[in-house]
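Trainee: Pasting a structure below so you can have a look.
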Amino acid sequence: LSQAEAVELARLRFAVKKLALTEAHEAELIELVRAVEFHTMAFDIALSSLLRRRNPMSHLPRILTELREGKGFGELPLDESQRDGRVERSLARSYWELDEALQRRFRWLGCFAPAAPFTAAQAATLWECSPTEAEDTLTLFEEASLVRGEVLAATPIAPETVLWDQHSLLRLYGWALLRQAGEGDSAAARHASLFTALMRDAEDANQPHTMRPFVPQLRHAFTWAIKNNLALALNLISQTANLHAAFFELASEGFRWTEQALAAARLRGDNNLLAQALGSYGNALQRVATWPEQDRRARLLAALAAYDEALRFRQPDTAPLAYAMTQGNLVNLFLARAELPGEERLGRLGQALSAAWRAYSLFGQLQHEHYRQQAQRQLLQLRAACGDDFAALWAGLGAGALPQWLDTTDGGAEPAGEAATRALLAFLNSRSSTEEQRLLTEFPALLDAQMEPLLDRISEEYQDNEELLAIITRKRALLRACREHGVEKVFAQLRPSDAQAALGARFQEALNQYLVQQQSALEAGEQATVAQWQEVAAAGEALLGEEFTAISGINFEALRENIASTYNHYGTAHDNAGDKEAALLAFERAIALQPGFAMWRRNRVGMLIELGRPDEAEAELDRARDLEPEATRLPDLEAQLATARRGKDAEEA
């Protein structure tokens, strides 16, 4: 902050409290901003603390003394490079002013994902209090500049909601305080259980999309669970599967979760967990098979291998429900394989029918009505897909008389031919515009108006599945557009947006990889190696590649700041290893990415001094001083530089 900006911020804060701010007060508050070395957040927290007093300005001298003499939190399980003394002194003052219960609540905010929204109800679960009490606490924290709330307007599917957020640095201090108090493990476990339960509730209500704003929290929960509670991680994978599938930019992350879980389960040696991990992996492979530029047959065969291995541990007499659910997964797989060129279509449909009937029968025996209805819908889908071949396939199954609900022969002929019916089902299941265009070109009957009754029937069958209905509605609109304007013209308009979506997905995957690597290195602390930080830096540089510059909606400035921090850690690792030249190069890259951040320049000054380049060090020190004139490290660097100059002068003499 400049002095003028600090005064303007003070005016705003005083106005909210309906307090007058005189010129004399403004001059006094300049001392407050100097005490926190012109740091915006530190000043805002100190100012909020001041304004909680009945007669604020009378308390300023004491607060100034405490800020100038304060030592922050002292020993914390936090890397020194992650700490900021200005913020810490201001935050520590506010923290110690809270009573013990509120201190605990502030700490427990640290188990939320960094820089991610949460609700008062979610905080209430963590704090074990009522949502109203949590709302009151968060409002108090907001007045103290420790959190911020944003009101989201009501929509047709959601009421007005307040989402809360906290600066990642404050969240980091909360997490460190939580660990220092010995509460880190219990808080992380409760957070992971909470968001798994919330995801399950959304899934049960057929509204997985409502958890989209909380994907960072789900990711944070999984990161903890995969290391500490594999059963919970597998549960979370199961609950988030539809959410990941509904948003293309999340799909690759969902697949990686299943890979991680399968690797962990193989190491664990628990057959039940391994079977669950194999089932999730098989489901994910089926979804991956629908992506653009995938070897669909290879993915489906890999999924089949996963299901077969899972069935070694899931038999009707030992795990009937899990066995039946795996049969349901096999139905989808065999249906997908039946549509592949070169496959023996009737054989695959027969396998699908056999698996579907086994699932339906077992769910009935288990009196599991929800899953029985799902299996019934699968059988109806198969009835339509098999067309005139269904009677022979059913007879080969040896299941006896056809159930009345599955006998559609009295309803007359299908509204479209057998081949077109199969093509329509494939069209509805396709995930890429390339596949959609191919089907519409090969089966022009899909564009006939006679498809509408069949679409009506499919919509009715899935009327309780909001996600599938949305897909059917979109596909129906696409068919109508192609009918009116032609297939080539419509898909020519879709290609740019498809390319942008694919590019966005690649960026998201690269970003997730970078963040995972960075978090792993940060958690390793001083044990993190030069090679580890080199990998993180390389992953960060990949995000700044030219191919991603065209993506809209990405805050590249914030990304560069984050990568600059990575290079600072990379430089520190080199310094600890004794390679001063490499450390200097890393610090210089941090400066190039974030030239206005004084800390990187101060680190370069220190390295230049150690390398015996005092002239360059002095020039850099001037730039660092201009950016942050009150930084506490400046006098030390000035003294080191003076000593280095004297030594060099003595050598030259």
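All letters in the sequence shown, in the order written, are residues 1 to 653 by the working numbering.
Ideal Cβ positions, reconstructed from N, Cα and C, are used throughout, including at glycine.
Quick caveat: nothing in here was measured; it's all calculated off a predicted structure.
Do L178 and W108 have their C-beta atoms closer together than 8 Å?
Mentor: Yes, the pair counts as a contact, with Cβ atoms nearer than the cut-off.
Trainee: Looking only at its own chain, which residues have a Cβ that is under 8 Å from the Cβ of L641, when we skip the five neighbours before and after it?
Mentor: Same-chain partners within the cutoff: V605, I609, P614, A617, E618 and L621.
Trainee: If distances are taken between C-alpha atoms only, which option among E638, L9, Y173 and T139 comes closest to R86?
Mentor: Selected option, being the one with the closest Cα: Y173.
Trainee: Counting contacts by CB-CB distance shorter than 8 Å, is G571 in contact with chain D?
Mentor: In the structure shown, chain D does not exist; there is a single protein chain.
Trainee: When the distance is taken between beta carbons, is T290 closer than 8 Å to L311?
Mentor: Going by C-beta atoms, L311 is not nearer than 8 Å to T290.
Trainee: Using a 10 Å radius around the Cβ and a threshold of 16 neighbouring Cβ atoms, would you call K227 buried or exposed?
Mentor: That one is exposed.
Trainee: If you draw a straight line from the C-alpha of P320 to the C-alpha of A550, how long is it?
Mentor: Rounded to whole angstroms, P320 to A550 spans 51 Å at the Cα level.
Trainee: So the alpha helix (DSSP H) E142 belongs to, where does it begin and stop?
Mentor: E142 -> alpha helix (DSSP H) spans P131 to E143.
Trainee: Suppose contacts are defined by Cβ-Cβ distances below 8 Å. Is T196 in contact with L232 by that definition?
Mentor: Yes, the Cβ-Cβ distance between T196 and L232 is below 8 Å.
Trainee: When the Cβ atoms of the segment 190-204 are set against those of the segment 131-146, are three or more pairs found closer than 8 Å?
Mentor: Short answer: they don't touch.
Trainee: If you pair each beta-carbon of the segment 450-458 with each one of the segment 346-364, do three or more pairs fall below 8 Å?
Mentor: These segments do not touch.
Trainee: Residues in its own chain within less than 6 Å of Y570 by CB, not counting five upstream and five downstream?
Mentor: Closer than 6 Å at the Cβ level, and outside the excluded window around Y570, lie W533, A537 and A586.
Trainee: Any chance the segment 593-601 sits against the segment 621-635, with 3 or more Cβ pairs inside 8 Å?
Mentor: Contact holds: three or more Cβ-Cβ distances are below 8 Å.
Trainee: Using 10 angstroms around the beta-carbon of V33, count the other beta-carbons present and answer buried if the total reaches 16, otherwise exposed.
Mentor: So V33 ends up on the buried side.
Trainee: Along the beta strand (DSSP E) that carries R148, what are the first and last residues, could you check?
Mentor: Where R148 is concerned, the enclosing beta strand (DSSP E) stretches over R148 to L152.
Trainee: Which residues in the same chain as L47 place their Cβ atom closer than 8 Å to its Cβ, once the five residues preceding and following it in sequence are excluded?
Mentor: These residues qualify, in order along the chain: L9, A10, R13, L29, L32 and S145.
Trainee: Could you give the distance in angstroms between the alpha-carbon of A306 and the alpha-carbon of L428?
Mentor: The alpha-carbon atoms of A306 and L428 are separated by roughly 25 Å.
Trainee: Here's the rule: buried if 16 or more other CB atoms are within 10 angstroms of the residue's CB, otherwise exposed. What is S2?
Mentor: It counts as exposed.
Trainee: Can you tell which of E546, R358, A336 and L406 has the C-alpha that lies nearest to the C-alpha of Q286?
Mentor: The candidate whose alpha carbon is nearest that of Q286 is A336.
Trainee: For A577, is the classification buried or exposed, using 16 other Cβ atoms within 10 angstroms of its Cβ as the cut-off for buried?
Mentor: The residue in question, A577, is exposed, as its Cβ has fewer than 16 Cβ neighbours within 10 Å.
Trainee: Quick check: R296 and L340, are their CB atoms within less than 8 Å of each other?
Mentor: Yes, Cβ-Cβ distance for R296 and L340 is below 8 Å.
Trainee: Going by DSSP in three states, V536 sits in which element: helix, strand or coil?
Mentor: Helix, per DSSP.
Trainee: Just the Cα atoms here: how many angstroms apart are Q294 and V288?
Mentor: Roughly 7 Å between the two C-alpha positions.
Trainee: My guess is that S90 and I45 are in contact by the Cβ rule of under 8 Å, so how many angstroms apart are they, rounded?
Mentor: Between I45 and S90 the Cβ distance is about 4 Å, and since that is below 8 Å, they are a contact.
Trainee: Whole angstroms are fine: how far does the CA of R358 sit from the CA of Q376?
Mentor: Whole-angstrom Cα-Cα distance: 11 Å.
Trainee: Pull up the CB-CB distance for P77 and A176, whole angstroms please, since I reckon it's below 8 Å.
Mentor: Going by Cβ atoms, the distance from P77 to A176 rounds to 6 Å, so yes, they are a contact pair.
Trainee: Would you kindly check if the distance between the Cβ of G70 and the Cβ of A92 is under 8 Å?
Mentor: Yes, the pair counts as a contact, with Cβ atoms nearer than the cut-off.
Trainee: According to DSSP, is A165 part of a helix, a strand, or is it coil?
Mentor: It should be pointed out that residue 165 corresponds to Asp in this sequence rather than to Ala. It is a strand residue.
Trainee: Note down, in chain order, each residue of its chain lying with its Cβ closer than 6 Å to the Cβ of A644, except the 5 sequence neighbours on either side.
Mentor: These residues qualify, in order along the chain: I609 and P614.
Trainee: Just tell me which of L440, Y371, H39 and P131 has its CA closest to the CA of E88.
Mentor: The candidate whose alpha carbon is nearest that of E88 is H39.
Trainee: Identify the residues that DSSP records as bridge partners of F118: which are they?
Mentor: W164.
Trainee: Pull up the CB-CB distance for L278 and E309, whole angstroms please, since I reckon it's below 8 Å.
Mentor: The pair is a contact, with the Cβ atoms about 5 Å apart (cut-off 8 Å).
Trainee: Using only the alpha-carbon positions, how far apart do A564 and P114 sit?
Mentor: Answer to the nearest angstrom: the Cα atoms are 18 Å apart.
Trainee: Taking the straight line between their C-alpha atoms, what separation do you get for L406 and C482?
Mentor: One C-alpha to the other measures close to 33 Å.
Trainee: How many whole angstroms separate the CB atoms of E249 and G504, which I take to be in contact at a CB cut-off of 8 Å?
Mentor: About 6 Å separates the two Cβ atoms, so the contact holds.
Trainee: In chain order, what residues of the same chain have a beta carbon less than 6 Å from the beta carbon of I509, not counting five sequence neighbours either side?
Mentor: The sequence as given places Glu at residue 509; Ile does not occur at that position. Cβ neighbours of E509 beyond the five flanking positions: S252.
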